[in-house]
Every structure is written in structure tokens, then in C-alpha cells.
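Only one structure is covered here, and it is reproduced in the block below.
There are 2 protein chains.
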Amino acid sequence: MSFSIVDELFELRKEQTKQNSYIAESIFQKRIMSLIINNIEKHVQLTAEEKQLFLSKTEIQHYKAKSILLSSGEICKHSYFVNSGILRSFNINDNIVEHVLNFACEGWWIGDMYSLISQKPGNLFIEVLEDAELVLLSKENQNQLYTEIPKLERFFRILTENALVANQERLMDNLSLSAEERFDKFCKRYPGLIQRIPQKQIASYIGVTPEFFSKMKSKLLRK
Amino acid sequence: MSFSIVDELFELRKEQTKQNSYIAESIFQKRIMSLIINNIEKHVQLTAEEKQLFLSKTEIQHYKAKSILLSSGEICKHSYFVNSGILRSFNINDNIVEHVLNFACEGWWIGDMYSLISQKPGNLFIEVLEDAELVLLSKENQNQLYTEIPKLERFFRILTENALVANQERLMDNLSLSAEERFDKFCKRYPGLIQRIPQKQIASYIGVTPEFFSKMKSKLLRK
DNA sequence: AATGGCACTTAACCTAGATTAAGAAAATTA
DNA sequence: TAATTTTCTTAATCTAGGTTAAGTGCCATT
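So the protein lines, in turn, are chains A and B. Using my numbering, you'd call the opening residue of the first sequence number 1 and step up by one each time. Using my numbering, you'd call the opening residue of the second sequence number 1001 and step up by one each time.
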């Protein structure tokens, strides 16, 4: 999981009141949640009760940059939806080299799909790159929701289809494009991310060493 | 689409009667169809009526090797399930180089997922590598089935999840493994395929030139 | 303000795999 | 059966990107 639909809802969050009253807090919660609900409603429509039910099965957590949400060898228990901040999933091969599978910023889902569906230990790490607010949906709750609200089964089918299409395209790109062209595609896929994460992460995503990426970048600037 | 679940049902087909009577023909049809039904029932159980409904929405077609089922620029109208034979999906980049996205043999699904879900022109070709018998499921019928038999929505969700996991693994492999190691993984993913398709197709799948593949192979044999 | 740890750069050298070309073997087709 | 097209092999040469190493700048702690 981790896919390609971002939306414009964040604007809402900017209106956050600073008040501490119980009521303000509750409104705040609603606004936070509307990002994920809106994300879902891009594909399926939910009734008020269904939204309520869905939200009751999720929880919000805050994580500091550098937190590790999942390590290689662990079983992935949750799908994570990003309200704010940036995460990445990556693996580490024998040579102690990291490879980024996906980034996730506002409005994206992330998780270790293999471990999530098999409930076996995976080989991915999930790390927070920038302080993040996440919506957690446990594997069990997700399964319950599939039968309680069949529309959600549709939603996640569509989500997964989109993720697959994006992945296939990236795979073909890796087979046929140069590092420079892949960097170009990265910029389009994750607009604005270049300013927010260390460039060694981008190098790892497009599949080159930080040294080569640096060389390539300065060549691009000289143009 | 095109994913990683194969099953052992082909055995059934070997019992095919050669008789031409109406009855034998009907039994034959049932056996053909039981491959796809069995494939579905690995993940969800269907009633007799549901199976009937599902089958009524599919059609069987036979294609000769070298047939092109889909070309770049066309809109993909069907998901294809392989009863027998071998297909591949691939794209062609500027340099007129082909890259294989997927192979599909008995018990696998194949299609251009991007074009299928967006109903826009895709950039994949789908070609028959070995005379094939396919079950065709049109996009419209597939959508109807989702609402008529919600269990099928679950089936295709699971199918897509598995395809995504396989794709992610291949992507990471391409980033971190040598051509030799990727060839090794190919052999495991598509056992028996090495004998059935030209090796330039395998080279294209693992992402090397036919020349390099040949060199690599003779090096492996010398060991 | 000093220390250590990252992230980034530069540069010399190295290698997996690409390219080009030409011939041999195998498979299609006539 | 021969003719033609494809596939496969071998070999020389080339290059995108890797490796190693050393140095710079930038924070975060103390």
C-alpha cells in the first residue's frame, strides 16, 4: 500500500482554532478526520452512520521524525493514512544498502502490503521523515469494515488498483529510463517533496547512489 | 493485472475426451470453466447460481501464437484469464526497445490495468507467445459482477493486492539485485517457462539485452 | 565554543551491462 | 527442400553509474 491520490483538503486544517475548550477540540477532531473521509469519498459515498462507524475503528497518533513504525522482520498490524508529515517505506539488502519503496505525505496511505495481507514478518521498514499525524487502521478493523461496509471493500480495491498501476509504471521506467529521466518523474509524482526530504532519500528512490545523484544534479544545474 | 496465483487444476484438462457428441462437448466446457472457477474459489466461495452468473458473463476465445490482443494506444476492454498457452504484456520505448511487464500462463490473469480502469488508451501491448485458450471478461461485465456478486469485488481486491505485492518485490529486486540474481528469481516465479519461450523474452523481463543474457547464461553453464 | 555526526560534494578509478557487428543455429514459411 | 526470418552466440569496444576516499558545511548536543 501507499498510493497516488492526494487531495486538497489540507486547507481545512489551516483554519484550526487554537482554543482549548472541549467543543473546539471536538471540531478540531472532525476536521482532522475529514481529510481521510474526503479521501474515501473520492471513490465511494458513505452515509453519516457509515462515516461514524469507519472513524470509530481508527485512531490518531502523532510521531516524531526518525520514529520507526515498522522494522524488517516484524508483522505489519496497521495501514497508515497520513494527515500531515512525511513517511517512507524501504528495505535493506545484504550490502547494507537502503532502497526506498515509497514515500507518503499528506493524503497518502502507507503500509507493508505483503506483511499486512499475509500477517507474516515482512522485510520493509517504515520510518517517519517529518513529524507526522497519522490515522491508524488495524488489519482486524479493516477486515471487519469490509463486511460491515462493502463500499469500503470497493474503495480499497480501487486504491490498490491505482497503487498497482503506479508501481507498474515505475517498474517499466526503471527498465527503460536513465537516472535523469527517473528523477524527472519523481519530481512530478511527489511535487514539493524535493525541498522537504534529504536528497539521499531521493537518490535511493530513483535507484542511484547519493554520490552519483549529486554529480547528476550539479550537471543539471550547469545547464 | 496479471498476478501470482497458479493452481494445479490443469490436470483436469488432460482427461479431455476427444468425442464430438453434444454431451461430451458440454462436459468439456464445464471442465474448461472449472479452471477459472477453481481459481476464484481459492479466495471466495460461490453458490451454483453465482458460478452460473459469472460464467454467463465471460466468453472463451482461442488465439494463435503471435496474435496481438492489445496494442499501445488502444483502450483495453477485457481482462484475460489463461486456460492454456502463454501471453506477455510489454511496452516499447523511444529507442524501439521492448520491455516485458508480465508473462501469463495457465491460471493467470493478464490485462492492461491502467487502460482497464481509466478506459483511456494505454501504452502496453499484449501478445500471444504460445497458442492460447482464454476466458474473456469485459470491463462492463466485470463492473456489473461487482454489484451482483460482491464476493467478486473481494476476489479482485485480493488478486490486485497479490499483484501489487509481487510488483513491489520485483521493483526492489531491480534496484538491488544483479542480473544473475534476477534471473534466478524469474525461474522461481515462472517455473517451466524457460523451456517454453524465447530467451530474449526472459532477457527483456529481467531487464538486460539478449546479448548480455546469452553471455551470462554461458557463464552460468560453465560453473 | 567545541564535538560529533550527518548530508552533501568532488574526483579518481572501476565494473556491470550496453552497443555494434558478424556469424551460426534454429524455426517458419514457401 | 530450400529460402527466409528469427533467435542465439561471441567478441571488441564503450558508458552510465558504482566505489572509494577525502574534504566541506551544517546542524544538534554538551
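Note that beta-carbon positions come from the ideal geometry of N, C-alpha and C, so glycine has one too.
Proximity winner among the options, relative to residue i (alpha-carbon distances)
i	options	result
N38 (chain A)	A:A163, A:K77 and A:V82	A:V82
F1125 (chain B)	B:E1049, B:E1211, B:A1048 and B:L1087	B:L1087
S214 (chain A)	A:G192, A:A179, A:E153 and A:L193	A:A179
G207 (chain A)	A:K188, A:L177 and A:S84	A:L177
S1084 (chain B)	B:G1107, B:K1077, B:N1162 and B:I1158	B:G1107
H1099 (chain B)	B:N1123, B:Q1119 and B:K1223	B:N1123
Q1116 (chain B)	B:H1078, B:L1220 and B:S1034	Reading off the sequence, residue 1116 (chain B) comes out as Leu, not Gln. When only C-alpha atoms are compared, the closest one is B:H1078.
L1070 (chain B)	B:T1058, B:K1064 and B:S1089	B:S1089
I1110 (chain B)	B:R1222, B:K1139 and B:D1184	B:K1139
E181 (chain A)	A:E161, A:V165, A:Q195 and A:A203	A:A203
K1188 (chain B)	B:A1166, B:A1132, B:L1175 and B:K1200	B:A1166
N1093 (chain B)	A:C105, A:H62, A:S118 and A:E169	A:E169
V44 (chain A)	A:F156, A:I96, A:V97 and A:I60	A:F156
P1210 (chain B)	B:S1218, B:N1141 and B:Q1199	B:Q1199
Q1144 (chain B)	B:E1050, B:I1194, B:I1040 and B:S1034	B:E1050
Y1063 (chain B)	B:D1184, B:A1132 and B:S1218	B:A1132
V97 (chain A)	A:Q201, A:M216, A:S218 and A:K219	A:Q201
Q1142 (chain B)	B:D1184, B:S1056 and B:K1185	B:S1056
F1183 (chain B)	B:Q1195, B:P1150 and B:K1217	B:K1217
K151 (chain A)	A:S34, A:I40 and A:M33	A:I40
A1048 (chain B)	B:E1161, B:I1149, B:F1212 and B:K1219	B:I1149
E127 (chain A)	A:M33, A:A65, A:L220 and A:S34	A:A65
S118 (chain A)	B:Y1146, B:E1161, B:K1219 and B:Q1061	B:E1161
Contact belief for residue i with residue j at Cβ below 8 Å, rounded distance in angstroms
i	j	result
I197 (chain A)	L129 (chain A)	5 Å
L1134 (chain B)	Y1190 (chain B)	18 Å between Cβ atoms; not a contact.
F1054 (chain B)	Y1205 (chain B)	Not quite, the Cβ-Cβ distance comes to about 31 Å (not below 8 Å), so this is no contact.
K120 (chain A)	I75 (chain A)	7 Å
M1172 (chain B)	L101 (chain A)	6 Å
N1091 (chain B)	S1072 (chain B)	7 Å
T1058 (chain B)	L1136 (chain B)	6 Å
E153 (chain A)	R1222 (chain B)	Going by Cβ atoms, the distance from E153 (chain A) to R1222 (chain B) rounds to 53 Å, so no, they are not a contact pair.
L164 (chain A)	A1163 (chain B)	6 Å
L46 (chain A)	C105 (chain A)	L46 (chain A) to C105 (chain A), Cβ: 24 Å. No contact.
Which of helix, strand or coil DSSP assigns to residue i
i	result
Q199 (chain A)	helix
A163 (chain A)	helix
T58 (chain A)	strand
L69 (chain A)	strand
Y80 (chain A)	strand
Y1205 (chain B)	helix
Y22 (chain A)	Note that Y22 (chain A) scores a pLDDT of 46, beneath 50, so its modelled location is shaky and nothing firm can be said.
K1217 (chain B)	helix
R1222 (chain B)	helix
F212 (chain A)	helix
Residue i Cβ short of 8 Å to the ligand ATP heavy atom set
i	result
C1105 (chain B)	The ligand ATP is not part of this structure, which contains no ligands at all.
Please identify, using Cβ separations under 7 Å, the residues of the segment 154-184 of chain A that lie next to chain B, in order along the chain. R154, F156, R157, T160, E161, A163, L164, V165, N167, Q168, R170, L171, M172, N174, L175 and S176
Would you list, in chain order, the members of the segment 1080-1105 of chain B that have their beta-carbon closer than 7 Å to a beta-carbon of chain A? N1091, N1093, V1097, H1099 and L1101
Ignoring anything shorter than 4 residues, give me the alpha helix (DSSP H) runs that lie fully in the segment 86-173 of chain A, in order along the chain. 113-118 and 139-148
Along the segment 1202-1223 of chain B, where does the CB come closer than 7 Å to a CB of chain A? Name the residues. G1207
Taking a Cβ distance cut-off of 8 Å, strictly less, list which residues of the segment 106-127 of chain A are near chain B, in chain order. M113, Y114 and I117
Where the segment 129-156 of chain A meets chain B: residues whose CB sits under 8 Å from a CB there: Y146, P150, E153, R154 and F156
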